[in-house]
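The structure appears below as structure tokens.
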DNA sequence: CTGAAAGCGCTTACAG
DNA sequence: CTGAAAGCGCTTACAG
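Chains as they are written, first to last, in the working numbering: chain A, 1342 to 1705; chain B, 1342 to 1705.
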């Protein structure tokens, strides 16, 4: 590999060495371009000798396609998101797209972040774990850049989103806990600004209502370990201690279980049942064994990629909200109901009890 | 905001609207460029009206600086890496740099990944969690792109790296366990190709040797939950069951603890002590409370950023390997020694026992 | 199939 | 301080 300077070689240098035009070099690296085998192989030889790689930046400029997708994922502490990120990495790599990651941001102003994203002329934007979702989505819409909200929705129509069926999931958990004989229900809420949190809570309350029960006592955990622990303390200090706690995600359910066991010396599920949402890795660890509603990450990522790619192909494609279902996976953090359990693929699922009423969206 | 077409406005359009030259527009967006306040404010007004943002792609092409850093992080399952990623995001954003993330890759060939990275003409590369480190580092070196290995080293001199002092950490754990009266030592190894794993093991063995003890029994866990569980089973099935297990990282220590408790019905640390490495979030969860050596993530990230930026400024800067120390944090997963414990910042640390010999690098 | 040429949207000497 | 112009490294009609 011969290199005359420290700068990477250009298509002109390859052209000179191969004895062809610069256009021929470009065509050799463009799948489907009209070029003879003989020319292409001369070019490829020269390219190899020089260590040439097409400059994606220059290509982006002329084609107005960067093949870069911005992913905004402010917080990675909840293991759901790292898993999601890996899956996005895999899928987009297979399509020849790359990920520009915006993480570790404090939730202040959305404008600077958005400016950065737009300056790189990304082909699409995925908004996952961020308090900025709504504001950013708004700006993307105005700028005409394809955007998909992942694991959240916004009131604004015209914005694509992919979520699991949080309302139904909350309802399933309510019926599961009622069927297991619990009587005093509590909910540890996530961020108030999160649609996912609101839907889970609404579904939970609707599920209880359908069974003739009042809404749960609510304490706010804001998806944070510290705040969820504090919320648990507040709940456990009540005169009428709850016997079933639904934490808006597994990450907070872990904090709740730890707090109940280590600070109150009580047993989970002996004294109080705790259920979560997501089915992240630690939910499966024997120390927690959380009964939870699974979010089908692979499926959700696949749908998101599909929505983004369709809108990159054709920007006028109408907005769409995809909702995918998730199973209630029964483990050991909550007392179990006498019936309705089914084993599938080595996992115990709760499919419901026909004796119990099913809440509907209209109950919301 | 007026927009005539769907394409974002260019500096020419801003120039026309502001009644100045295109150069003036460019200068208005270049900090330190020579431009009058009057002209700049005319330009800024026009830019705001049109929704103009400089095209970073075009800028990159002409300046030969993309302000993009590639981060290769194949696996995010170990929570250390998401935390590291967030910190990189924060620090590079503050410097006006962006992260192109390569994750979710299977460890096959390094070439395709490297090709992708190079096509975007990134200004620097950080190689963190990947089996491809050595091969990729080699290619970066050949291509003259600044590269820093994070949490690993390569035999090759000339490659920058940032690690914690894994050898010393392994030694500290050995002395800690010896001082606590353990006699039968085991090591659950990470990937054989990982320098971090090798250093921890070497330090552990050297620490034991300095106390006149033989090397630990070794089973390989390859940093995987499944394999670490299998390794634990193999260790616990031995006639002379170990009374102290050092898992090469916390992620595997968790699997070991779960396996010992749930499959063997034994107590940690009552029947067997388990120690780890990293001090990731779950190590602090009461259910595990892992005694572990902390990796000072913020410090390691800061050093990495410093190394990368210095080499972006001046490519001829000589390679450097930075090693930062980490404390042994004492929690409840291992029996404690009678002395040498000190409380600092609300954490219990093991500072060593002067009665015990300290292993040295030369013992390796 | 091939090459000469225009142009993507900027930055930056250069001359005034 | 300002503008005209060259040029970054490509893609892609256009003409042959």
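Beta carbons are placed, not taken as given, at the ideal position from N, Cα and C, and that holds for glycine.
| query | result |
| --- | --- |
| Chain A within 8 Å of residue 1395 of chain B, Cβ atoms only | yes |
| Euclidean distance between Cα positions of residue 1351 of chain B and residue 1399 of chain B | 11 Å |
| Paired residues, beta bridge with residue 1617 of chain B - DSSP | B:1633 |
| Host alpha helix (DSSP H) of residue 1609 of chain B (start-end) | Careful: residue 1609 of chain B lies outside any alpha helix (DSSP H) and carries neither H nor E. |
| Residue environment, residue 1423 of chain A, which counts as buried when at least 16 other CB atoms sit within 10 Å | buried |
| Interface positions of the stretch 1622 to 1638 of chain A facing chain B (Cβ-Cβ less than 8 Å), listed along the chain | 1622, 1623, 1626, 1627, 1628 and 1629 |
| Within-8 Å CB hit, residue 1358 of chain B to chain A | no |
| Proximity test, Cβ basis, 8 Å: residue 1689 of chain A and chain B | no |
| Residue 1504 of chain A, enclosing beta strand (DSSP E) - first and last residue | 1501 to 1505 |
| Where the beta strand (DSSP E) containing residue 1691 of chain B begins and where it ends | 1688 to 1691 |
| Cβ neighbours of residue 1370 of chain A in the same chain (closer than 7 Å, five flanking residues each side left out) | 1395 |
| Segment contact, 8 Å Cβ cut-off, at least three pairs: the stretch 1578 to 1592 of chain A with the stretch 1607 to 1627 of chain A | yes |
| Own chain residues within Cβ distance below 7 Å of residue 1629 of chain A, not counting five before or after | 1595, 1598, 1623 and 1674 |
| Integer-rounded CB distance, given that residue 1376 of chain B should sit under 8 Å from residue 1463 of chain B | Incorrect: roughly 30 Å between the Cβ atoms, too far for contact. |
| CB contact check: residue 1508 of chain A to chain B, cutoff 8 Å | no |
| The stretch 1435 to 1461 of chain A: positions lying closer than 8 Å to chain B by Cβ | 1439, 1440, 1441, 1442, 1443, 1444, 1445, 1446, 1456, 1457, 1459, 1460 and 1461 |
| For residue 1528 of chain B, three-class secondary structure by DSSP | strand |
| Coil, strand or helix - residue 1466 of chain B by DSSP | strand |
| Status (buried if at least 16 other CB within 10 Å, exposed otherwise) for residue 1636 of chain A | buried |
| Below-8 Å beta-carbon distance, residue 1603 of chain B vs any chain A residue | yes |
| Where residue 1638 of chain A sits in the DSSP three-state scheme | helix |
| With 16 other Cβ atoms within 10 Å as the buried cut-off, status of residue 1348 of chain A | exposed |
| Residue 1524 of chain A versus residue 1552 of chain A: straight-line alpha-carbon distance, rounded | 11 Å |
| Under the three-state DSSP convention, the category residue 1478 of chain B falls into | helix |
| Which residues DSSP lists as bridging residue 1684 of chain A, in chain order | A:1689 |
| Whole-angstrom distance between residue 1650 of chain A and residue 1344 of chain A, CA atom to CA atom | Here residue 1344 of chain A scores only 41 on pLDDT, less than 50, and its place in the model should not be relied on; the value that follows carries that caveat. Their backbone Cα atoms lie some 38 Å apart in a straight line. |
| Which listed residue (A:1447, A:1461 and A:1471) has its alpha carbon closest to that of residue 1332 of chain B | Given a span of 1342 to 1705 for chain B in the structure shown, any question on residue 1332 of chain B remains unanswerable. |
| Stretch pair the stretch 1511 to 1522 of chain A + the stretch 1666 to 1681 of chain A: three plus CB contacts closer than 8 Å | yes |
| Neighbour list for residue 1557 of chain A in chain B, Cβ cutoff strictly below 9 Å | Near residue 1557 of chain A there are no residues of chain B at all, since even the closest Cβ is about 25 Å away, more than 9 Å. |
| Contact check, residue 1488 of chain B vs residue 1503 of chain B, beta carbons under 8 Å | no |
| Contact check, residue 1497 of chain A vs residue 1535 of chain A, beta carbons under 8 Å | no |
| Expected contact under 8 Å - CB spacing of residue 1415 of chain B and residue 1470 of chain B to nearest Å | 5 Å |
| Rounded straight-line distance, which links the Cα of residue 1567 of chain B to that of residue 1425 of chain B | 24 Å |
| Nearest neighbour of residue 1693 of chain B, chosen from B:1687, B:1668 and B:1506 [CA to CA] | B:1668 |
| Beta carbon of residue 1405 of chain A nearer than 8 Å to that of residue 1458 of chain A | no |
| Collapsed DSSP secondary structure at residue 1558 of chain A in the structure displayed | strand |
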